[in-house]
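**Q**
There are 2 protein chains.
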Amino acid sequence: MCGTSARILREAKGAPKDAGLGLVVQDMALGVGAPESGSGVIQYVSSDSGQPQITGRYLSQSQGRDALNDIEGAMYLTADARGASLEELCPPLFQKLVDYGALCRTRLREEMEVEFTIENNELRIIDAVRVQRSARAAVRIATALAEDDVISRQDAIMRVHSNALSEMLHRQVDPTATRDILGRGIAASPGAATGRIVFTSSEAQASAARMEPCVLIRRETSPEDIRGMHAAQAVLTMRGGITSHAAVIGRGLGLPCVVGASELTVDTQKGVLKTPDGRTFRAGDEITVDGTTGQVLLGAPKMLEAALDDAFKTLLSWADTYRDIGIRANADTPADAQTARNFAAEGIGLCRTEHMFFADDRLSVMQEMIFAETPEDRRQSLDRLLPIQRADFKALFTIMQGRSVCIRLFDMPLHEFLPYDKAGQRDLAAQLNLPLSDLSQRVAALSEYNPMLGMRGVRQGITVPEIYEMQARAIFEATVDAAAVGITIVPEIMIPLISAMKEVEIVRATIDGVAASVQAERRTAFDYKLGVMVETPRAALRAQDIVEHAEFLSFGTNDLTQMTYGLSRDDAGRFMSQYVQKGVYAEDPFHTLDIEGVGELLAIGAARGRAGRPDVMLSVCGEHGGHESTIAFCRSQGFDYVSCSPFRVPAARLAAAQLAIVESGYRKR
Amino acid sequence: MCGTSARILREAKGAPKDAGLGLVVQDMALGVGAPESGSGVIQYVSSDSGQPQITGRYLSQSQGRDALNDIEGAMYLTADARGASLEELCPPLFQKLVDYGALCRTRLREEMEVEFTIENNELRIIDAVRVQRSARAAVRIATALAEDDVISRQDAIMRVHSNALSEMLHRQVDPTATRDILGRGIAASPGAATGRIVFTSSEAQASAARMEPCVLIRRETSPEDIRGMHAAQAVLTMRGGITSHAAVIGRGLGLPCVVGASELTVDTQKGVLKTPDGRTFRAGDEITVDGTTGQVLLGAPKMLEAALDDAFKTLLSWADTYRDIGIRANADTPADAQTARNFAAEGIGLCRTEHMFFADDRLSVMQEMIFAETPEDRRQSLDRLLPIQRADFKALFTIMQGRSVCIRLFDMPLHEFLPYDKAGQRDLAAQLNLPLSDLSQRVAALSEYNPMLGMRGVRQGITVPEIYEMQARAIFEATVDAAAVGITIVPEIMIPLISAMKEVEIVRATIDGVAASVQAERRTAFDYKLGVMVETPRAALRAQDIVEHAEFLSFGTNDLTQMTYGLSRDDAGRFMSQYVQKGVYAEDPFHTLDIEGVGELLAIGAARGRAGRPDVMLSVCGEHGGHESTIAFCRSQGFDYVSCSPFRVPAARLAAAQLAIVESGYRKR
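First to last, the sequence lines map onto chains L and Z.
All residue numbers for the first sequence refer to numbering that gives the first Met the number 0, where the first residue is 0 and numbers rise by one.
All residue numbers for the second sequence refer to numbering that gives the first Met the number 0, where the first residue is 0 and numbers rise by one.
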């Protein structure tokens with residue numbers, strides 16, 4: 000009764016080794032004998048969709064689960080199936096089976112797969128196990144059970160795994176499809192997509208113009224590839240880790256993405272992709288990127304569509320009634336913001352403004368600004384960017400309809416706006432009417448050993464204050480413009496890469512000054528909040544000083560993890576998998592928030608921030624924000640909200656609700 | 000009596016505004032009248048050397064300090080001076096002046112400059128002020144006063160500024176010399192040196208071979224320039240900050256060094272240095288680098304020699320009797336170690352092993368190792384490095400004569416061993432018998448976005464364990480070899496860039512294994528200590544776990560500052576001066592330890608380290624180690640020692656003694 004496999008199974012389910020077992024004793028029912036005798040398996044909902052649907056198989060003169068094997072004579076259960084069916088063979092028995100199903104559902108409070116035997120026309124129920132189900136079906140089943148009052152809404156919420164929700168938002172390779180795997184990388188953004196290979200962003204845009212789905216393959220992506228990524232169905236890179244540029248942007252766009260596929264080699268100049276087994280592919284060849292598994296597949300395997308149905312929305316609306324921490328989305332563009340709204344994010348927790356400067360009409364002005372000789376020249380260039388930025392922000396405010404929008408001021412090394420290749424430099428020199436040597440020297444002078452630890456964020460805001468001035472003006476003017484059309488917004492302005500209180504004090508003075516000017520010019524008043532992105536360990540340690548000038552602290556856990564570990568997320572890919580395999584790090588800290596180390600800095604920062612300003616608003620806006628363990632930690636520290644990729648918002652809403660329910664003393668019935 | 004200038008002076012000296020003033024009332028003594036009447040100034044020691052020597056001037060029929068002006072008729076005081084002298088003019092008055100000098104010295108407990116007036120052959124003392132003095136004279140004066148029991152040894156120690164000692168160890172541009180300043184940079188390593196311009200390390204070596212002093216000018220230096228730096232008299236770079244490679248190595252070698260002189264432009268290919276005022280210089284032109292002021296000077300201005308005299312040694316030996324924190328030196332080579340010993344460092348606190356691999360005989364083996372396909376091939380290359388490393392360590396142990404030597408295991412990205420230029424890659428490909436494309440690909444694959452946060456330190460130790468195995472074996476075999484010649488040493492092995500306890504556990508297992516092997520092979524026992532370099536904020540936070548496997552924690556404050564601020568020391572130069580000028584940072588945190596931020600991590604790490612292992616040895620081995628504020632902080636946290644550049648050791652010994660004396664309740668008499 001309690002053999003090895005039973006013991007292992009019980010342990011796996013968390014039951015004590017010596018716990019008592021219920022034992023059902025019933026007559027032996029053989030499926031072999033006078034007609035009608037046989038056995039079968041029935042379930043009452045679809046494993047794929049969770050919708051009511053009787054499926055199963057029955058085989059006369061058989062025992063156990065033989066009917067499920069592909070055996071001659073096995074039949075479907077319902078009359079509408081092809082061929083013979085149990086419903087036609089024995090209508091009363093079939094009806095009885097259906098009735099048992101309803102009983103199971105209410106008594107066992109679950110959709111069950113029922114194993115049955117018929118012996119001399121008599122129905123015996125042998126066993127019932129939980130129906131296997133897709134993520135989508137799990138949502139539908141749980142919601143339906145709660146709607147039928149079989150379980151509570153809390154039960155329904157607790158029964159769906161939050162990670163499963165993320166899967167539902169994307170197309171997936173059908174688990175039953177045959178996979179010809181060309182190579183593997185890091186599963187950086189979930190979902191799968193098929194397209195023809197392109198090796199450059201411009202090819203991707205051309206392909207999109209022809210309405211031809213494409214997969215963008217790059218050694219690594221840079222901000223200049225953003226439009227190519229927008230145009231592509233999926234992205235594949237050979238370098239970088241879970242938080243590389245491609246991965247972060249991919250997740251933001253909901254674009255399937257595999258990064259760090261170092262076993263694949265690519266020669267972008269020759270336009271050849273080479274697999275470890277020696278096959279080569281060229282632009283135009285069709286491949287599939289599976290960002291859920293990290294695989295790169297040949298051709299177009301069968302797909303399962305994304306499922307954003309009513310059950311999904313119902314379950315999440317219930318979740319929101321239990322949830323006690325805010326969920327915002329990271330959104331840089333109107334499209335991102337719209338996705339965030341669609342998933343009911345409560346606001347934008349992080350709007351990165353630097354990508355806004357890469358569109359064609361802006362890039363050249365940025366380059367001009369970089370080469371400006373005086374603050375006046377610089378201001379002139381920035382004046383041309385002002386209306387564009389103002390329009391950016393107004394669009395976001397309009398979509399968000401008064402919900403919070405937290406805008407991070409410019410945070411990018413200026414050299415990223417300059418071309419590194421000779422041809423690009425020659426073009427730019429011609430455009431700016433400068434000698435090529437001046438231009439190359441400027442590029443060299445701006446280059447950095449460790450850009451991650453270099454001249455970016457507030458360091459630019461202080462040494463070249465004109466950029467922040469322009470951005471603050473754009474934000475405030477957009478706020479006034481939005482108010483004019485009935486949208487009241489209290490913009491949140493966030494200063495990146497702070498390491499000392501004085502930095503905040505100086506930038507605050509600048510921004511308050513701009514606000515006063517705009518209010519005077521436009522003869523109107525508006526509120527705004529100024530806060531700090533806590534990305535350096537020092538900002539966390541000095542939080543009590545910093546909040547003297549900051550109304551909120553938002554922890555940028557990507558960078559904070561980099562600094563705390565002394566580990567570049569872009570370079571970590573080279574050894575992270577080995578490290579995790581050997582258990583050096585229990586998990587990739589760029590994927591799962593390191594509670595012991597980075598988490599302590601969050602706790603220190605939060606406590607000190609609150610000590611200095613009791614009502615300081617606290618949040619996490621890194622990639623970790625949407626994960627259950629991060630949300631649990633942020634709840635425990637009394638954070639106001641977490642912010643994550645728009646596509647992660649539903650999972651975060653559910654996870655947050657589950658945590659609140661568990662904390663309220665919930666016990667599974 | 001209490002006009003504006005008096006008030007300002009009193010405030011500057013820290014006296015309360017309303018403090019009472021002593022007022023000496025004496026007869027008016029006019030230096031004009033019957034002979035002999037006049038006035039003069041005398042001092043009894045040399046302001047340059049501090050040696051007893053009467054100097055001064057006297058002018059008949061004058062008042063005040065007129066004698067000091069270059070006035071016709073002003074005479075020297077002693078008979079051995081040229082021309083007329085007061086000693087010859089009025090022997091008894093001169094003798095009286097000398098007696099007054101001795102009185103002043105014992106009563107005022109200081110060497111004074113005395114202003115006197117003679118009125119009708121009668122001597123009047125008008126005023127006495129502290130003698131102006133060079134650093135060297137200050138040491139000599141203080142020591143002599145103590146040796147004569149005029150002041151205590153404590154007083155003598157307290158009277159010398161520790162920073163002044165560092166100056167004494169180097170040649171300086173004579174303050175009176177005329178300076179034709181070609182440009183300015185960061186004063187990165189004190190002292191001045193003159194030499195002919197060279198633009199490459201090989202030219203520097205050639206110049207040294209010709210016994211011709213040279214100044215090495217580089218845009219920036221890399222480890223490949225080490226031998227060139229050894230060969231040069233001074234180093235000048237256009238890039239980098241106070242802790243750039245050139246600066247750190249320069250200080251280690253005691254080589255005058257100016258870095259980040261971005262107003263000078265250099266074209267190393269054409270071999271031209273250009274000044275902001277448009278002058279150009281070529282290889283062979285003579286310039287002077289003043290690493291004390293950060294200036295680059297034309298030609299060869301007059302110099303003051305370094306002074307390491309008996310008074311210096313006496314004062315430091317007294318200091319050591321009061322000092323209560325250890326002072327070690329950072330030393331990578333036998334030459335460094337010898338300097339450390341000369342300055343009485345108690346041991347080596349940081350021996351960086353990576354530079355050892357750049358000598359010609361080693362570099363090619365390292366390159367071979369990098370291209371090894373299997374661990375076995377890798378081991379074969381490393382086996383060839385083993386005897387060389389063993390000899391390195393034995394040399395250090397021999398010089399240090401049983402004093403502690405803390406060896407940091409290899410900590411350098413492998414790509415730094417590979418050539419970046421095509422020509423170098425072609426040579427290396429030929430040497431390794433590899434296709435050029437394979438080689439370029441390997442170089443590209445090893446390159447990093449943020450090398451500072453990349454694949455180095457323990458990350459290599461874990462993913463390519465053969466390097467650490469070889470190093471541990473070399474250390475242990477050298478220990479056995481040293482014991483054979485009567486030098487008993489307990490080597491300290493330090494693991495760099497730790498961010499998690501498990502890293503220590505894994506490396507410890509490897510190293511313990513190597514130790515056991517060597518002990519078995521050599522049939523002998525030896526002790527060793529294994530510890531951790533705390534360079535990441537996470538290592539400080541997790542110190543309590545980490546000391547489970549570590550007997551010491553040495554805080555690498557350079558890197559820890561980088562991570563805590565999110566600021567690369569190599570890139571900080573671009574804005575640090577602006578930041579300090581604007582008061583954003585009170586001081587450059589790479590120069591002065593940031594007590595509020597980085598210091599808190601030191602305190603946390605120390606407290607947690609001690610909580611996990613009460614007898615854990617604690618130290619600082621970054622560039623900050625030798626500074627008074629760092630020593631004060633480390634004393635307050637109960638650290639065992641600080642380690643600094645060998646040339647900083649004397650100042651550190653003195654500063655540590657002063658801190659201990661002040662803490663013991665010392666009051667200046």
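Backbone N, C-alpha and C fix where the C-beta goes; we use that ideal spot for every residue, glycine too.
Predicted model, so just to flag it, every value in this text is computed and none were measured.
Does the region 562 to 577 of chain L come close enough to the region 452 to 467 of chain Z that 3 or more CB-CB pairs lie under 8 Å?
**A** Taking 8 Å as the limit for Cβ pairs, the verdict is that the region 562 to 577 of chain L does touch the region 452 to 467 of chain Z.
**Q** Under a Cβ-count criterion, where at least 16 other Cβ atoms within 10 Å of its own Cβ denotes burial, should Ala-483 (chain Z) be classed as buried or exposed?
**A** Exposed: under 16 other Cβ atoms inside 10 Å.
**Q** Quick check on the burial criterion: 16 or more other C-beta atoms within 10 angstroms. Buried or exposed for Lys-501 (chain L)?
**A** Lys-501 (chain L) should be labelled buried.
**Q** Taking only beta carbons into account, state which residues of the region 496 to 517 of chain Z come closer than 8 Å to chain L, listed in chain order.
**A** Leu-496, Ser-498, Ala-499, Lys-501, Glu-502, Ile-505
**Q** If you measure beta-carbon to beta-carbon, which residues of the region 519 to 535 of chain Z are closer than 8 Å to chain L?
**A** Glu-534, Thr-535
**Q** Verify whether the separation of the beta carbon atoms of His-548 (chain L) and Val-503 (chain L) is less than 8 Å.
**A** His-548 (chain L) is a Cβ neighbour of Val-503 (chain L), given a cutoff of 8 Å.
**Q** Starting from the Cα of Ile-630 (chain L), find the closest Cα among L:Ala-610, L:Leu-601, L:Arg-609 and give me that residue.
**A** L:Leu-601
**Q** DSSP state of Gly-19 (chain L), grouped into three classes?
**A** coil
**Q** Counting pairs of Cβ atoms below 8 Å between the region 323 to 330 of chain Z and the region 647 to 659 of chain Z, do you hit three or more?
**A** yes
**Q** Report all residues from its chain with a CB closer than 6 Å to the CB of Arg-123 (chain Z); omit the five preceding and five following residues, and keep chain order.
**A** Ala-28, Thr-116
**Q** Name the DSSP bridge partner or partners of Tyr-640 (chain L)?
**A** L:Gly-325, L:Ser-618
**Q** Here's a check: name, in chain order, each residue in its chain whose Cβ is nearer than 8 Å to the Cβ of Lys-528 (chain Z), leaving out the five neighbours to either side.
**A** Val-489, Pro-490, Glu-491, Ile-492, Glu-550, Phe-551, Met-616
**Q** Measure the Cβ-Cβ separation of Leu-592 (chain L) and Phe-632 (chain L) and say whether it is below 8 Å.
**A** yes
**Q** Excluding the five sequence neighbours on either side, which residues of its own chain have a C-beta within less than 7 Å of the C-beta of Arg-170 (chain L), listed in chain order?
**A** These residues qualify, in order along the chain: Gly-190, Ala-191, Ala-192, Met-302, Leu-303, Glu-304, Ala-305.
**Q** Threshold first: 4 residues or longer. Then list the alpha helix (DSSP H) segments lying entirely within the region 504 to 544 of chain Z, N to C.
**A** For the region 504 to 544 of chain Z, whole alpha helix (DSSP H) runs of length 4 or above, ordered along the chain, are 536 to 540.
**Q** Report yes if the C-beta distance between Glu-112 (chain Z) and Val-128 (chain Z) is below 8 Å; otherwise report no.
**A** yes
**Q** Are any of the Cβ atoms in chain Z nearer than 8 Å to that of Ser-644 (chain L)?
**A** no
**Q** Does any C-beta atom of chain Z lie closer than 8 Å to the C-beta of Phe-574 (chain L)?
**A** yes
**Q** Would you identify the three-state DSSP class for Arg-278 (chain Z), choosing helix, strand or coil?
**A** coil
**Q** Is there a C-beta anywhere in chain Z that falls below 8 Å from the one on Val-411 (chain L)?
**A** Val is not the amino acid found at residue 411 (chain L); the sequence shown has Met there. With respect to chain Z, the C-beta atom of Met-411 (chain L) has no partner C-beta closer than 8 Å.
**Q** Need the endpoints of the alpha helix (DSSP H) that Met-228 (chain Z) sits in, please.
**A** 225 to 230
**Q** Alpha carbon to alpha carbon, how far is Ala-519 (chain L) from Met-355 (chain L)?
**A** When rounded, the distance between both Cα atoms is 28 Å.
**Q** Check Leu-67 (chain Z) in the structure and name its three-state DSSP category.
**A** helix
**Q** Does the beta carbon of Asp-335 (chain L) sit closer than 8 Å to a beta carbon anywhere in chain Z?
**A** no
**Q** Where Ile-248 (chain Z) and Arg-568 (chain Z) are concerned, what is the direct C-alpha to C-alpha distance, given to the nearest angstrom?
**A** 14 Å
**Q** Closer than 9 Å by beta-carbon distance: list the chain L residues that pair up with Ile-461 (chain Z), in chain order.
**A** Phe-574, Gln-577, Tyr-578, Lys-581, Val-583
**Q** How far does the beta strand (DSSP E) with Asp-126 (chain Z) in it reach, from first residue to last?
**A** Run containing Asp-126 (chain Z): 121 to 129, per the beta strand (DSSP E) assignment.
**Q** Per DSSP, Gly-182 (chain L) forms a beta bridge with which residues?
**A** L:Val-295
**Q** Considering Cα atoms alone, identify which of L:Ala-230, L:Leu-395, L:Gly-253, L:Thr-199 is closest to Met-210 (chain L).
**A** Ranking L:Ala-230, L:Leu-395, L:Gly-253, L:Thr-199 by Cα distance to Met-210 (chain L) puts L:Ala-230 first.
**Q** Under DSSP, the alpha helix (DSSP H) around Thr-338 (chain Z) begins and ends at which residues?
**A** 333 to 341
**Q** Using a C-beta to C-beta distance shorter than 7 Å, which residues of chain L count as neighbours of Leu-349 (chain Z)?
**A** The contacting residues do not exist; Leu-349 (chain Z) stays about 17 Å from chain L at best.
**Q** Helix, strand or coil for Lys-95 (chain L), going by three-state DSSP, please let me know.
**A** helix
**Q** Just verifying my parser: in three-state terms, what is the DSSP assignment at Met-454 (chain L)?
**A** coil
**Q** Could you pull out every residue in the same chain whose Cβ sits closer than 7 Å to the Cβ of Thr-352 (chain L), ignoring the five residues on either side in sequence?
**A** If you ignore the 5 residues before and after Thr-352 (chain L), its C-beta comes within less than 7 Å of the C-beta of Ile-406, Arg-407, Leu-408, Phe-409, Gln-470, all in its own chain and listed in chain order.
**Q** Taking Cβ-Cβ distances shorter than 7 Å, what residues in chain Z pair up with Asn-557 (chain L)?
**A** None at all; the shortest Cβ gap to chain Z is about 12 Å.
**Q** In whole angstroms, give me the CA-to-CA distance for Ile-714 (chain Z) and Arg-183 (chain Z).
**A** In the structure as shown, chain Z starts at 0 and stops at 668, and residue 714 (chain Z) therefore has no counterpart that could be examined.
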